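Colleague: All residue numbers for the sequence shown refer to the working numbering, where the first residue is -13 and numbers rise by one. Beta carbons: idealized from backbone N, C-alpha and C, even for Gly. Computed from a prediction, not measured in an experiment: that's the story for all the values here. Quick one: the structure is below, questions incoming.
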Amino acid sequence: MYDTLIENIGQLILPAEGPLKGNAMKQLKVKENMAIAFKDGKVAWIGTNEESQKLKASERVDAMEKTVTPGLVDPHTHLVFGGSREHELALKQAGVPYLEILQKGGGILSTVKATRAESETQLYEKAKQTLEQMAAHGVTTLEAKSGYGLERQAELKQLRVVKRLNEESILDLVSTFLGPHAIPPEYKGEEEAFLDEMIRLLPEISDEGLAEFTDIFCETGVFTIEQSRRFMKASQELGFQTKIHADEIDPLGGTELAVSMGAASADHLVAASDAGIDSLVEGDTVAVLLPGTTFYLGKDHYANARKMIDNGAAVALATDFNPGSCVTYNLQMIMSLAALKMKMTPEEIWNSVTVNAAHAIGRGDVAGCLSIGRKADVVLWDVPNYKYIPYHYAANHAKAVWKNGRKVWERRGARVF
Ligand SMILES: O=C(O)CC1=NCN=C1
Ligand SMILES: [Zn+2]
-13 MYDTLIENIG
-3 QLILPAEGPL
7 KGNAMKQLKV
17 KENMAIAFKD
27 GKVAWIGTNE
37 ESQKLKASER
47 VDAMEKTVTP
57 GLVDPHTHLV
67 FGGSREHELA
77 LKQAGVPYLE
87 ILQKGGGILS
97 TVKATRAESE
107 TQLYEKAKQT
117 LEQMAAHGVT
127 TLEAKSGYGL
137 ERQAELKQLR
147 VVKRLNEESI
157 LDLVSTFLGP
167 HAIPPEYKGE
177 EEAFLDEMIR
187 LLPEISDEGL
197 AEFTDIFCET
207 GVFTIEQSRR
217 FMKASQELGF
227 QTKIHADEID
237 PLGGTELAVS
247 MGAASADHLV
257 AASDAGIDSL
267 VEGDTVAVLL
277 PGTTFYLGKD
287 HYANARKMID
297 NGAAVALATD
307 FNPGSCVTYN
317 LQMIMSLAAL
327 KMKMTPEEIW
337 NSVTVNAAHA
347 IGRGDVAGCL
357 SIGRKADVVL
367 WDVPNYKYIP
377 YHYAANHAKA
387 VWKNGRKVWE
397 RRGARVF
């Protein structure tokens, strides 16, 4: 007797185990007229719709010939923060550059002020609502960063919120310490001293189990290549895996640094050099691309996903959900931008929001794929095939979402007739 049986599935999407690099990203197993069954939170059976007729299940779901995939994985979010930055939209519309807003004490530093002022409970309640929205949009596993505290107590406060959300929600959250996200006012002009303070937090964060990854904003006017190297080295010596916000605006060479340091991921890469893109082929560093941020900042030049994939790199996609440079948690919209602006194919896109995204946050063995014994993290989409979501942008196509075999979202139709 199975707990749940989803039958009459038009297309069942089964990404291969990864990380998938280059041409492997172009492959996607699509099986038609299928069914899938869960038991005790795991995938217990996969077969044809005809074979499913003889099965017994406590709950039978008619997929109405629609599409079923693994739960989405969002590998780059700034989930926990206070306040909001809608007041900066006018500056963006006036063409004030992102880094100029930051240099004037706005941007990230505006969110830092708000985050320091809010209690752990306030931050928790706000992030909890976002988490519910992410699940409603098909996300079952995600990464969540700190980085709006920029001092011990407020950074630990954010990381404790992520830990509590991971413990109390059924979703799986992977925590990242992004202490070196910007230079706080009290350390203006003293970047090295600030970085020393962030490095001094690492043992405490490790001992309290508050993060698996660290991250640093390697960018003009924020942290240099050498400062990033120093922070990543200190992180790895304490057992953290590393990530880096690299080559988002200026081509400092963060991509090459990430690969040379064996980072789990290099994120943004909009300004990555040809040498940086070529270096991605060598190691296991996943290129996490964030086209929503490029769109939101009104830029025309997107990360060169085509060259990265055709060169042989492993590419993933993420929302970069944050209050200033990409205010969306709709990973489906990111899938559309990947198609429309980065010319990624539907097969590459689906691999980028499942198996490769899972590998970018160290969850390649438990998320992003569907096979017997894996977590029953599954989405039933109200779409006829897997190509439809990139094609129809800005909507929420999720009809039902299961996490560990438990239904966490079901869309109920609008009552307009
Ligand atoms: O602006 C923000 O709050 C998030 C961000 N960090 C680096 N790029 C964007
Ligand atoms: Zn980011």
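Report yes or no: do the stretch 10 to 19 and the stretch 328 to 339 share at least 3 C-beta pairs separated by less than 8 Å?
Modeller: Verdict: yes, contact present.
Colleague: Starting from Asn308, trace the alpha helix (DSSP H) both ways and give me its first and last residue.
Modeller: The sequence position of residue 308 within the sequence shown is 322, counting from 1. Taken as a continuous stretch (DSSP letters only), Asn308 belongs to no alpha helix (DSSP H), as it is neither H nor E.
Colleague: My output table needs one value for Thr271: the three-state DSSP class, helix, strand or coil.
Modeller: Here residue 271 refers to the residue found at position 285 of the sequence shown. DSSP places Thr271 in coil when its eight states are reduced to three.
Colleague: Report back the beta-carbon spacing between Ala232 and Gly348 to the nearest angstrom; my notes put them in contact at under 8 Å.
Modeller: Translated into the one-based positions of the sequence shown, residue 232 becomes position 246. Translated into the one-based positions of the sequence shown, residue 348 becomes position 362. Wrong, their Cβ atoms sit about 18 Å apart, outside the cutoff.
Colleague: Give the DSSP-derived three-state secondary structure of Ile455 in the structure shown.
Modeller: Because the chain is modelled from -13 through 403, residue 455 falls outside the range shown and cannot be assessed.
Colleague: By Cβ distance below 7 Å, which residues in the same chain neighbour Ser214 in space, the five residues on each side in sequence not counted?
Modeller: Taking the first residue of the sequence shown as position 1, residue 214 is located at position 228. Once the five neighbours on either side are set aside, the close Cβ partners of Ser214 are Ile202, Cys204, Ile230, Gly240 and Leu243.
Colleague: Just reading off the beta strand (DSSP E) that Arg46 is part of, what are its end residues?
Modeller: Counted from its first residue, the sequence shown places residue 46 at position 60. Arg46 -> beta strand (DSSP E) spans Ala43 to Asp48.
Colleague: Roughly how many angstroms lie between the CA atoms of Pro1 and Leu303, to the nearest whole one?
Modeller: If you number the sequence shown from 1, residue 1 lands on position 15. If you number the sequence shown from 1, residue 303 lands on position 317. Each residue's Cα considered, the two are about 15 Å apart.
Colleague: Could you spell out the range, first to last residue, of the alpha helix (DSSP H) harbouring Ala325?
Modeller: Translated into positions along the sequence shown, residue 325 becomes position 339. From DSSP, the alpha helix (DSSP H) with Ala325 extends over Leu317 to Met328.
Colleague: My output table needs one value for Val147: the three-state DSSP class, helix, strand or coil.
Modeller: As a working mapping, residue 147 is identified with position 161 in the sequence shown. Helix.
Colleague: Which runs of the beta strand (DSSP E) fall wholly inside the stretch 124 to 176 and span at least 3 residues, in chain order?
Modeller: For the stretch 124 to 176, whole beta strand (DSSP E) runs of length 3 or above, ordered along the chain, are 125 to 131 and 158 to 163.
Colleague: Rounded to whole angstroms, what's the CA-CA distance from Asn29 to Gly57? Just pull it up for me.
Modeller: Your numbering for residue 29 matches position 43 in the sequence shown. Your numbering for residue 57 matches position 71 in the sequence shown. It should be pointed out that residue 29 corresponds to Val in this sequence rather than to Asn. Taking the straight line joining both Cα atoms gives about 12 Å.
Colleague: What does a CB cutoff of less than 6 Å around Trp31 pick up in its chain, not counting 5 residues either side in sequence?
Modeller: Position 45 of the sequence shown, counted from the start, is the residue given in the question as residue 31. Excluding sequence neighbours, Trp31 sits near Ala23.
Colleague: Count the other CB atoms, across all protein chains shown, that sit within 10 Å of the CB of Asn9; report buried if there are 16 or more and exposed otherwise.
Modeller: By 1-based counting over the sequence shown, the position of residue 9 is 23. By the 10 Å Cβ count, Asn9 comes out exposed.
Colleague: Could you tell me if the beta carbon of Pro277 falls within a distance shorter than 7 Å of some heavy atom in ligand 1?
Modeller: Numbered from its first residue, the sequence shown carries residue 277 at position 291. No; taking the cut-off as 7 Å, the Cβ of Pro277 has no heavy atom of ligand 1 nearer than that.
Colleague: Would the C-beta of Thr97 count as close to ligand 1, meaning under 7 Å from any of its heavy atoms?
Modeller: On the sequence shown, position 111 is the one that residue 97 refers to. It does: the Cβ of Thr97 is within 7 Å (strictly closer) of some heavy atom of ligand 1.
Colleague: Quickly, what does DSSP pair His254 with across the bridge? List them, please.
Modeller: Against the sequence shown, residue 254 aligns to sequence position 268. Answer is Ala232.
Colleague: Can you tell which of Phe226, Ser161 and Val148 has its C-alpha closest to the C-alpha of Ile185?
Modeller: In the sequence shown, residue 185 corresponds to position 199, counting from 1. Nearest of Phe226, Ser161 and Val148 to Ile185, Cα basis: Phe226.
Colleague: Please classify Met(-13) as buried or exposed, where buried requires at least 16 other C-beta atoms within 10 Å of its C-beta.
Modeller: One-based indexing of the sequence shown puts residue -13 at position 1. Exposed: under 16 other Cβ atoms inside 10 Å.
Colleague: Identify the continuous beta strand (DSSP E) that holds Leu58 and give its terminal residues.
Modeller: Numbered from 1 along the sequence shown, position 72 holds the residue referred to as residue 58. Unbroken beta strand (DSSP E) run through Leu58: Leu58 to Asp60.
Colleague: To the nearest angstrom, how far is the alpha carbon of Asn342 from that of Lys7?
Modeller: Within the sequence shown, residue 342 is the residue found at index 356, counting from 1. Within the sequence shown, residue 7 is the residue found at index 21, counting from 1. Distance between the alpha carbons of Asn342 and Lys7: 9 Å.
Colleague: Rounded C-beta distance between Ala261 and Met294? I'm assuming under 8 Å.
Modeller: Locating residue 261 in the sequence shown gives position 275, where the first residue counts as 1. Locating residue 294 in the sequence shown gives position 308, where the first residue counts as 1. Not a contact, Cβ separation roughly 13 Å.
Colleague: Mind checking whether Ala168 and Ile94 have CB atoms under 8 Å apart?
Modeller: Here residue 168 refers to the residue found at position 182 of the sequence shown. Here residue 94 refers to the residue found at position 108 of the sequence shown. In this structure, Ile94 lies closer than 8 Å to Ala168 by Cβ.
Colleague: Measuring alpha carbon to alpha carbon, tell me which of Glu111, Gly207, Glu153 and Lys149 ends up nearest Lys90.
Modeller: In the sequence shown, residue 90 corresponds to position 104, counting from 1. Comparing Cα positions, the closest option is Gly207.
Colleague: Considering only the beta carbon of each residue, do Met319 and Gly278 sit closer than 8 Å?
Modeller: For this step, residue 319 is matched to residue 333 along the sequence shown. For this step, residue 278 is matched to residue 292 along the sequence shown. Yes, the pair counts as a contact, with Cβ atoms nearer than the cut-off.
Colleague: What does the alpha-carbon distance come out to for the pair Asn308 and Gln144?
Modeller: For the purposes of this step, residue 308 is taken as residue 322 along the sequence shown, with counting starting at 1. For the purposes of this step, residue 144 is taken as residue 158 along the sequence shown, with counting starting at 1. In a straight line, the C-alpha of Asn308 is about 14 Å away from that of Gln144.
Colleague: What separation, rounded to the nearest whole angstrom, lies between the Cα atoms of Ala346 and Thr305?
Modeller: In the sequence shown, residue 346 corresponds to position 360, counting from 1. In the sequence shown, residue 305 corresponds to position 319, counting from 1. Distance between the alpha carbons of Ala346 and Thr305: 14 Å.
Colleague: Compute every distance between the C-beta of His231 and the non-hydrogen atoms of ligand 1, then say whether any falls below 7 Å.
Modeller: By one-based count along the sequence shown, residue 231 stands at place 245. Yes, ligand 1 has a heavy atom inside 7 Å of this Cβ.
Colleague: Could you check where the beta strand (DSSP E) with Lys425 kicks off and where it finishes?
Modeller: Summary: the structure shown does not reach residue 425, with the chain confined to residues -13 through 403, and so no result is reported for it.
Colleague: Looking only at C-alpha atoms, which of Val256, Ile263 and Glu104 sits nearest to Val245?
Modeller: Locating residue 245 in the sequence shown gives position 259, where the first residue counts as 1. Comparing Cα-Cα distances from Val245 to each of Val256, Ile263 and Glu104, the minimum goes to Ile263.
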